[in-house]
Structure formats: C-alpha cells, structure tokens
Amino acid sequence: MNVSSGFDEAYKVKGMFGYMHSDVAPEVILRPKADILSFIPDNVLTLALPVVAYWALSLIFHSIDVLHLAEKYRIHPSAEVAARNRVGRIEVLCEVLFQHIVQSVVGFVTQIWDTPPMTGYEERALWKWRQYLPSSIPDAAIYVGYMYGFSAVKLLVGFTFIDTWQYWLHRLMHTNSTLYRMFHSRHHRLYVPYAYGALYNAPVEGFLLDTLGTGIAMIITSLSYREQMVLYTFATLKTVDDHCGYALPWDPFQFFFPNNAVYHDIHHQNFGIKTNYAQPFFTFWDTLFGTYFKGFEDYQKAQRRVTIDQYKKFLDERKKKSQPGKTE
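Everything in the sequence shown is counted per this note's numbering, starting at 19 for the first residue and increasing by one.
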C-alpha cells in the first residue's frame, strides 16, 4: 500500500484529524521545537517571565496605591504602612531583587541537564489514542485531551504539591521558635503587606520555600518549559496578589480562590499569626488541621471572598479590644 496515498485519503475523509484514521501510523520525524518568541529561547523565557510578571503586577498595585485609585477597597489605611511595618521599602526592594537573582541562577544551573524540547511525535501518539478509544469520542476531544489535558493535570498536581510544601514548611517556621527567629520573622516585619513585598524573606527561607519547592514540583511532574512558564508565572502572580493590600471585587485571584488577600492578611496580623498558614492557592490544609483563623467564622464557612467592608469592621473591632481601657 502507498503510505502517502493512505494519508491523503484519510485527510480528505476526516479533515484536519485525518491522520488519526489512516491505515498506517504517521511517521515520526523529530525536530527541535520552535520557541514561542523568536528572539528569546523558551528556557530563558521560563525563568524571565515570572520575574517580569512579579514586577509588572507589583507596579500596577503600587500605582493604585500612590494614586489612591481604590481607597474603598484598601484593607489598611495607607498611614499604617509606615507606622506598623518594621522595614523600609528600599530594603524590601533589594531583598526581593536578590531572591530573583538566586532563583534565576538556580534555574539556569538546573537547565544544564535538560534535553532540548522536540516535536514531531504528536500525530503518532494521537493516532494510537484513536485506535484504542471508542469511536464515540470525537477526534477534537482526543486532540484537546492529549495536547492540553495532560498539561492541566500536571499543573494541578504541581499546584497541590506547592501548597503542601509551603503549608508544612510555613507552619514549621511558626511552631519552631528558632526557625521563626532566624528566618521567618523577617517576612513578618510587614504587618501591612504590599504587593512587591510578597517575596520579602530571609534568603534561606526564600530558597527553601519558593525556589526549591517549585523546583521539586517541576521535577516530579516532568513539566515542559511551556508548562513551567504557566506554573511559575501563575504562582508568582497569585503570591503578589495575596500581599497586595486590597480586596478588589473584580480581581479574579480573589474571587475564585478562598486563599486570597484578606485570608493572608489575617496571618500577617498579631491576632492571626498562628493561623492561615496555607498558601498560595488553596486552604484545604488549614481546613484539615484546624489551623484556619476561627475568629472570622462567616468567612471560613463560606470559603469565598469576604467583602472589604466586613473585614474592615472586623479589624476595627479587634483594634478596640487590643487597646487598654477600651470596651466594645
């Protein structure tokens, strides 16, 4: 049988997915995968994109802050940033830049052992799937499942691993007084968080909590460079948003995730510092082990975005209780 004519006939009958119905398996001709952007290799973009995303979103929130564009949704009055925080913005800026340098260097070093991404095998794999799966499953569904479904599952596993890693290490930093004093107390100099302070950590903690944790998540899920871009960049944006200092009703991170800016703000306050360890995506570890802040029951039960008015009222009540000689 002429292989070429077999493929031609299949394409005529089945259109763009005709190769799935060919009598013979598509030929595998491996070739290097083209980069997303012609002027920057994918492996470099994998490391650069999260850093660019961090500062881009931080700049947006900083602009909202200094231009007073969303005062209604600000969690704490702007005066509290200087009054309550125990570290200046310049020091925070330098520490975060240093962490970005560290994570980029570590990333470049680990890429030494990477094999170049290849393509040309996909049609053969899809053809095999078509042979084994019921004919009732559309070709398009098989295509989407293979090309994107696997990636989605791997990313979900990666997100879950990062949450697990950060919950237990974060909790350990709070329950072990030595670790807290030596490392994690630095992050809690920010009682009133702001966006670009999200990665303000002691260098050792920054490496263990963020760089190493996401690196292990990448390894165990065998993420491609493009999947790494999604994992690293999404996690970065979510972390910045959690520290932004605003409860914005139109913010997708805060709307769809119960672990949001208000949830994490509670952890930065004196009354909630031993609770709400979960970060950056889900809250199931706090729920399973009862480490969520129980003083805000309506929010915890609903597991949804609390309104800024509710939280401000709650904070005011806490402040009154903490002031000597004050009664409700």
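Ideal placement from N, C-alpha and C gives every residue a C-beta, glycine not left out.
- So what does DSSP say about residue 264, is it helix, strand or coil? strand
- Task: Name the residue from 189, 41, 183 and 195 whose alpha carbon lies nearest to the alpha carbon of residue 231.
- Result: 183
- Task: Take residue 82 and list the residues in its own chain whose beta-carbon comes closer than 8 Å to its own, dropping the five residues that flank it on each side.
- Result: 88 and 264
- Assumed close pair residue 143, residue 164 - CB separation to whole angstroms, cut-off 8 Å: 6 Å
- Task: Put residue 151 into one of helix, strand or coil per three-state DSSP.
- Result: coil
- Task: Go ahead and pull the three-state DSSP assignment for residue 50.
- Result: strand
- Item | Residue from 193, 180, 204 and 124 whose Cα sits closest to the Cα of residue 66 | 124
- Just mark residue 201 as buried or exposed, buried being the case when its beta carbon has 16 or more other beta carbons within 10 Å. buried
- Message: Suppose you measure from the CA of residue 86 to the CA of residue 98; what does that come to, to the nearest Å?
- Response: 15 Å
- For residue 111, which three-state DSSP category applies? helix
- Message: Using 8 Å as the threshold, is the C-beta distance between residue 116 and residue 221 below it?
- Response: yes
- Item | Residue nearest to residue 49 in terms of C-alpha spacing, selected from 296, 140 and 112 | 140
- Message: For residue 243, tell me which candidate among 196, 51 and 261 has the shortest Cα-Cα distance.
- Response: 51
- Message: Let's test the definition: count the other Cβ atoms within 10 Å of the Cβ of residue 181 and tell me whether it reaches 16, buried, or not, exposed.
- Response: buried
- Query: Based on Cα-Cα distance, which residue from 110, 78 and 300 lies nearest to residue 177?
  - Reply: 300
- Query: Name the DSSP beta bridge partners of residue 137, please?
  - Reply: 49
- Message: Cutting at 6 Å between CB atoms, please list the residues of its own chain near residue 122, excluding the five before and the five after it.
- Response: 65
- Message: Can you list, in chain order, the residues of its chain with a C-beta nearer than 7 Å to that of residue 320? Leave out the 5 residues immediately preceding and following it.
- Response: With a pLDDT of 49 at residue 320, under the threshold of 50, the modelled position of that residue is not reliable, and the figure given next carries that caveat. The answer is none, since no qualifying residue turns up.
- Would you call residue 190 buried or exposed, if buried means 16 or more other Cβ atoms sit within 10 Å of its Cβ? exposed
- Item | Test item: CB-CB of residue 280 and residue 93 under 8 Å | yes
- Kindly indicate which three-state DSSP category residue 92 falls into: helix, strand or coil? strand
- Item | Whole-angstrom distance between residue 58 and residue 234, CA atom to CA atom | 25 Å
- Query: Are the beta-carbon atoms belonging to residue 209 and residue 102 less than 8 Å from one another?
  - Reply: yes
- Message: Taking the alpha carbon of residue 311 as the reference point, which residue from 292, 298 and 68 has its own alpha carbon closest?
- Response: 292
- Query: Rounded to a whole number of angstroms, what is the C-alpha to C-alpha distance between residue 213 and residue 270?
  - Reply: 16 Å
- Item | Host alpha helix (DSSP H) of residue 221 (start-end) | 221-224
- Distance, Cα to Cα, residue 290 vs residue 307? 16 Å
- Message: According to DSSP, residue 58 sits in a beta bridge with which residue or residues?
- Response: 55
- Task: Taking only the alpha-carbon atoms, compute the straight-line gap between residue 217 and residue 256 and give it to the nearest angstrom.
- Result: 12 Å
- Task: Could you pull out every residue in the same chain whose Cβ sits closer than 8 Å to the Cβ of residue 126, ignoring the five residues on either side in sequence?
- Result: 65
- Item | residue 234 in three-state terms, based on DSSP | helix
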